[in-house]
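Trainee: First the structure, which I've put down as structure tokens, then a few questions once you've had a look.
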Amino acid sequence: MSIKIILILPILELLLFILFGDLLGFFPVIFLIILSGLTGFYFLRSGMNPQNIAANPKEWIFTKFAGILLLIPGFITDFCGVFLLIKSLRYLIWDFVPDKTKNYFYDDQRKSKDKEIIEVDYKDLDDK
């Protein structure tokens with residue numbers, strides 16, 4: 000399945016470049032690709048504050064993944080990136096994420112908070 004997507008996606012992107020190039024013209028298509036790349040770069044750079052990440056990690060992951068998709072040139076990836084930026088549609092996507100992935104993500108957060116820290120003093124016996 001993933002091999003087919005890797006092979007078919009670039010072909011579809013090229014076909015859409017040609018289609019939109021014929022409909023809109025060369026320079027508007029290039030402008031749209033540059034604009035989507037800059038938008039993706041903005042979303043990747045924004046929200047790097049650790050408090051934002053810890054407050055809502057699911058939103059942070061969706062925003063970063065949308066930024067990556069917008070940064071990749073192509074109309075299909077741009078559409079998917081914009082789709083991820085719409086908050087109401089994120090919940091639909093989250094329903095398709097396997098439960099194993101969700102449990103791993105949230106269990107890892109709980110484990111890091113519940114661990115007991117033990118302080119130890121040691122003496123190096125090799126140094127005399």
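The numbers in numbering that gives the first Met the number 0 rise by one with no breaks, and the one at position 35 of the sequence shown is 34. No residue lacks a Cβ here, since even glycine has one placed at the ideal position from N, Cα and C.
What would DSSP say about D77, mapped onto helix, strand or coil?
Mentor: In the structure shown, D77 sits in a helix (DSSP, three-state: H, G or I).
Trainee: Taking all protein chains shown into account, do 16 or more other C-beta atoms lie within 10 angstroms of the C-beta of L83, making it buried, or fewer, making it exposed?
Mentor: L83 should be labelled buried.
Trainee: Determine whether the beta carbon atoms of I52 and W59 lie at a separation below 8 Å.
Mentor: Going by C-beta atoms, I52 is nearer than 8 Å to W59.
Trainee: Helix, strand or coil, according to DSSP, for I7 in the structure here?
Mentor: DSSP places I7 in helix when its eight states are reduced to three.
Trainee: Buried or exposed, going by whether 16 or more other CB atoms sit within 10 Å of the CB of V28?
Mentor: Its Cβ being crowded by 16 or more others within 10 Å, V28 is buried.
Trainee: So, using beta-carbon positions, are F42 and L69 closer together than 8 Å?
Mentor: In this structure, L69 lies closer than 8 Å to F42 by Cβ.
Trainee: When you compare only the Cα positions, how much space is there between I75 and Y90?
Mentor: Roughly 20 Å between the two C-alpha positions.
Trainee: Roughly how many whole angstroms lie between the Cα atoms of D125 and V119?
Mentor: One C-alpha to the other measures close to 18 Å.
Trainee: Thinking G36 and P72 are a contact (beta carbons under 8 Å), I'd like their distance in whole angstroms, please.
Mentor: Rounded, the Cβ-Cβ distance is 7 Å, consistent with contact.
Trainee: If I'm right that K57 touches W93 with Cβ under 8 Å, what's the distance once you round it to whole angstroms?
Mentor: Yes, they are in contact, since the Cβ atoms of K57 and W93 sit about 7 Å apart, within 8 Å.
Trainee: Go ahead and label D128 buried or exposed: buried means 16 or more other beta carbons lie within 10 angstroms of its beta carbon, across all protein chains shown.
Mentor: No answer is possible for residue 128: it lies beyond the span of the chain, which begins at 0 and ends at 127.
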